[in-house]
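As you go down the protein sequences, you meet chains A and B in turn.
Just so you know, we're using the numbering used here here: the first sequence kicks off at -4 and counts up by one.
Just so you know, we're using the numbering used here here: the second sequence kicks off at -4 and counts up by one.
Each remark here refers to the structure printed beneath this line.
Protein chains: 2
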Amino acid sequence: MPKVVASPLHEQVRKKITRRVVENEYKVGELLPSVSALADEFGVSSITIKRALRDLQSTGILRTVPGLGIFVRERRRLVRELDFCFTSLGEAQRPGPGRPVHVTSITRERILDPAFSAFDAPTGTMLCVRSILSIDEVPILFDTSYLPLSLKDKVVDEFGDKLVSEALRDQGTCFRMTRLLIDAAPASDEAQQAFGIPNGYPTLRRLYHLIAVDPFFSVFGIVESPFDRLACSIEMDLPTGKITGPRSTGSMNHS
Amino acid sequence: MPKVVASPLHEQVRKKITRRVVENEYKVGELLPSVSALADEFGVSSITIKRALRDLQSTGILRTVPGLGIFVRERRRLVRELDFCFTSLGEAQRPGPGRPVHVTSITRERILDPAFSAFDAPTGTMLCVRSILSIDEVPILFDTSYLPLSLKDKVVDEFGDKLVSEALRDQGTCFRMTRLLIDAAPASDEAQQAFGIPNGYPTLRRLYHLIAVDPFFSVFGIVESPFDRLACSIEMDLPTGKITGPRSTGSMNHS
DNA sequence: GAGTGGTCTAGACCACCCT
DNA sequence: GGGTGGTCTAGACCACTCC
């Protein structure tokens, strides 16, 4: 007799709820039944329902409002053509009403994230600027830039309405090469706070190393975006291997 | 008087345990103290410890072995230069001892993932081939390819030791363009099974659309990798915006 | 058998929202 | 007040591993 191990209750419940969302039984913007109602319906304890709902947190399909209930979240995502520095967002990033870039901190820190070991990032203390770029009031990018300490006075007045790499370029710093490393990761503590996302939420990251013509000047940094707010696209001709475009500067896209 | 809301116990515990791992107090490969021991030490219930440990699942820093305990996992990751089709892994992917590519299923399916709406993917039934690419016995890529139904007989014998896109190219199919969409996402059910990763685990995804010279022939697909097993890199000259390389064909990297 | 972690439950307390 | 979900606990049961 084959050994059949039933999947855990919270997993069954999670999948049932997921199915109801993707099949539009629970519609976007709608309030889900209360935990106790779901517990009655599924014939399990309310704790198990809570467990299932909590495990759905990282999928981004739900939004819980304290005291009100749990809603089905809209899924809409920005698709951005991968460009040479990748921290810009074209016209959407121009300073203007709404001030899309907000600097959250300027500190002195070492580069600690082990992912930077792929670059040969310096180990000493650097100037660290963190900022949030929003579009239509929605935070999309969380940027952490590491700059030489000497630079502070020169660029600090430009912060507040553009990203560090943009500010430097506008001030005449000439970069000759960009190294990018694209990966995924659970949200950092800072990103959790910046985006209001829960622990473990998947993010798309772009670690960058901007190499200036001045051989002693480099900018390191990392941009994080919640997985459901940004994706990046690339097109290339196959015989040449060269990148086509960038053509469009970012478009909203249901996904 | 400022309102100070203490962070939840499970969050405090989670951060303490995380800190002990990153600061090497709990070393790689080592067994963590048992749940009850941690509960005693932190002065909380064992349930709260379990909760904290479960929330650490998606960070990939722990590995729990049933009946034994919880270990600190080694963090080592493949960094792969982004190339024109992005489903290949250079020499590592050549068929040989160990048979790195394993086809898990060949079915007929529609493309359902809404992320494909960024491409103008067909809505009809297609031939769907899923396969796992491993390196050193470790699964790295989970590929889902969607092909025209007519193609089955022609390529099916090539499956089993290479990815679909590779097999097609080796059979003479000439592609003129690749469209890529890179994003992050929680692991799909299939990826969870293929990689043995828990629900909600962040993955790096590359959706691809290979456009053949034959205007009626297209290949769509998606490659998923756990965030802690693969990252991709890119270098470009800045004045031209052209991609440098690919140079190295993949290297292991602590991160 | 004694240890491990995973599951499931009941029950209590809290903060929040609406009426 | 009565509704919501989030937190924390105690306790029971299970499957697993090692001795």
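Cβ coordinates follow ideal geometry from the N, Cα and C atoms, glycine included.
All of these numbers come straight from a predicted model, not from anything done at the bench.
Would you mind working out which of the options sits nearest residue i, comparing C-alpha positions?
i	options	result
B:I106	B:V30, B:V23, B:I56 and B:L144	B:L144
A:G24	A:L57, A:Q52, A:R9 and A:Q7	A:L57
B:R46	B:H97, B:T102, B:L202 and B:R9	B:R9
B:V133	B:F66, B:A189 and B:L48	B:A189
B:D131	B:L27, B:S160, B:P95 and B:R49	B:P95
A:A186	A:D115, A:E104, A:C169 and A:T99	A:T99
A:D209	A:G119, A:Y203 and A:G167	A:G167
A:A180	B:R125, B:I192 and B:T54	B:T54
A:I101	A:C227, A:R49, A:G191 and A:D138	A:D138
A:E161	A:S126, A:G191 and A:G195	A:S126
Roughly how many angstroms lie between the CA atoms of residue i and residue j, to the nearest whole one?
i	j	result
A:L205	B:L122	43 Å
A:S41	A:S31	6 Å
B:H97	A:L176	28 Å
B:E230	A:R15	43 Å
A:S2	B:I65	22 Å
B:S323	B:L136	Outside the displayed span of chain B (-4 to 250) sits residue 323 of chain B, for which this structure offers no information.
B:V159	A:S183	36 Å
B:F111	A:R224	15 Å
A:H5	B:C169	48 Å
B:P28	A:T13	35 Å
B:F81	B:R70	Low confidence applies to B:F81: its pLDDT is 47, below 50, so where it sits in the model is not reliable enough to give any reading.
A:V60	B:L142	43 Å
B:F211	B:R164	16 Å
A:V74	B:P197	19 Å
B:T113	A:K11	In the sequence as displayed, the identity of residue 113 of chain B is Ala instead of Thr. Approximately 27 Å, taken between the alpha carbons.
A:E20	A:L33	14 Å
B:E104	B:T120	5 Å
B:Y203	B:T173	7 Å
A:P117	A:V17	46 Å
B:K157	B:V124	12 Å
A:V67	A:K22	7 Å
A:T43	B:R201	34 Å
B:Q52	B:D232	39 Å
B:L77	B:R171	17 Å
A:L26	A:L48	13 Å
A:P193	B:Q7	15 Å
A:K(-2)	B:G62	With a pLDDT of 43 at A:K(-2), under the threshold of 50, the predicted position of this residue should be treated as unreliable, though the coordinate-derived value follows. A:K(-2) and B:G62: Cα-Cα distance of roughly 19 Å.
B:D50	B:L146	44 Å
B:D35	A:D35	36 Å
Just the chain A side, please: which residues come within less than 7 Å of residue i by C-beta, in chain order?
i	result
B:F222	D178, A179 and A180
B:P197	A179, A180, P181 and P197
Can you name the residues of chain A whose CB is closer than 8 Å to the CB of residue i?
i	result
B:D232	R171 and M172
B:T54	P181 and G195
Please look up how many angstroms separate the CB atoms of residue i and residue j, rounded, as I've assumed it's under 8 Å.
i	j	result
A:S140	A:V39	A:S140 to A:V39, Cβ: 48 Å. No contact.
B:D108	B:I217	7 Å
B:F222	A:D178	6 Å
B:R72	B:A226	6 Å
B:L199	B:S220	5 Å
A:G195	B:G195	6 Å
Report the neighbours of residue i on chain B: residues whose CB is nearer than 7 Å to its CB, in chain order.
i	result
A:N194	D50
Could you name the residues of chain B that residue i contacts, counting a contact when the two beta carbons are closer than 9 Å?
i	result
A:L175	L77, C227, S228, I229, E230 and M231
Under 8 Å Cβ-Cβ, which residues of chain B neighbour residue i?
i	result
A:S41	None at all; the shortest Cβ gap to chain B is about 16 Å.
Item to complete: Kindly provide the ranges of any beta strand (DSSP E) runs that are 3 or more residues long and lie completely inside the region 177 to 229 of chain A, ordered along the chain.
Response: 197 to 207 and 213 to 221, all fully within the region 177 to 229 of chain A.
Worksheet entry | Inside the region 19 to 70 of chain A only - beta strand (DSSP E) runs reaching at least 3 residues | List check, beta strand (DSSP E) in window: 57 to 60 and 64 to 67.
Practice prompt. Would you list, in sequence order, the uninterrupted alpha helix (DSSP H) runs of no fewer than 4 residues that lie entirely inside the region 99 to 177 of chain B?
Written response: With a minimum length of 4 residues, the continuous alpha helix (DSSP H) runs that stay inside the region 99 to 177 of chain B are 147 to 150 and 159 to 165.
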